[in-house]
């Protein structure tokens with residue numbers, strides 16, 4: 001039996017997840033292979049507007065639509081990651097799914113600031129990562145549920161609705177979940 005990897009899928013935190021950092025999160029998995037996994041939390045806004053971040057980086061941002069930068073994860077919170085639609089045409093772009101890329105180079109920020117060539121996007125500070133077999137171990141303990149990713153979940157839904165929407169994608173009403181084991 002071959003191992004299934006979760007690249008281009010989403011992890012959903014269960015309601016009772018003990019880790020406060022990941023409580024109520026949806027994590028887009030950009031890479032998962034035999035060596036580990038990396039992802040971006042897609043429903044935790046920082047309170048920083050994209051325009052504000054770009055201006056702090058001395059990039060004039062007059063054409064940016066109002067939305068918040070995400071807290072992508074606990075690792076390298078000073079580093080920016082742009083999850084976006086389109087092809088990997090920027091300097092540090094990698095395709096992570098069909099018509100979906102992650103880019104870490106400044107040239108995409110210039111394009112975003114001038115509304116040039118970037119479709120839908122999310123800018124995140126930091127990322128999540130799991131070592132070899134770490135994610136699999138967490139999943140076997142029930143620390144995560146899995147759903148398919150889609151453009152609405154990643155880019156269009158309000159941040160506060162993404163956790164519930166991910167549960168709906170897998171047909172679960174999260175209010176019915178319990179960590180308690182019952183007795184018949």
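Numbering (the numbering used here), first residue to last: 1 to 184. In this text, a Cβ means the ideal position worked out from N, Cα and C, and glycines have one as well.
Among all the DSSP beta bridges, which residues are the ones paired with residue i?
i	result
residue 93	103
residue 33	36
residue 146	11
residue 41	27
residue 123	82
CA-CA distance, residue i and residue j?
i	j	result
residue 117	residue 14	37 Å
residue 65	residue 52	11 Å
residue 111	residue 172	39 Å
My assumption, with CB atoms under 8 Å, is that residue i sits in contact with residue j. Please give the rounded CB distance.
i	j	result
residue 103	residue 70	Actually they do not touch by this definition, with Cβ atoms about 15 Å apart.
residue 11	residue 29	6 Å
Can you tell me whether DSSP reads residue i as helix, strand or coil?
i	result
residue 48	strand
residue 130	strand
residue 18	coil
residue 81	strand
Taking its Cβ as the centre, do 16 or more other Cβ atoms sit within 10 Å of residue i, making it buried, or is it exposed?
i	result
residue 162	buried
residue 169	buried
residue 90	buried
residue 43	buried
residue 75	exposed
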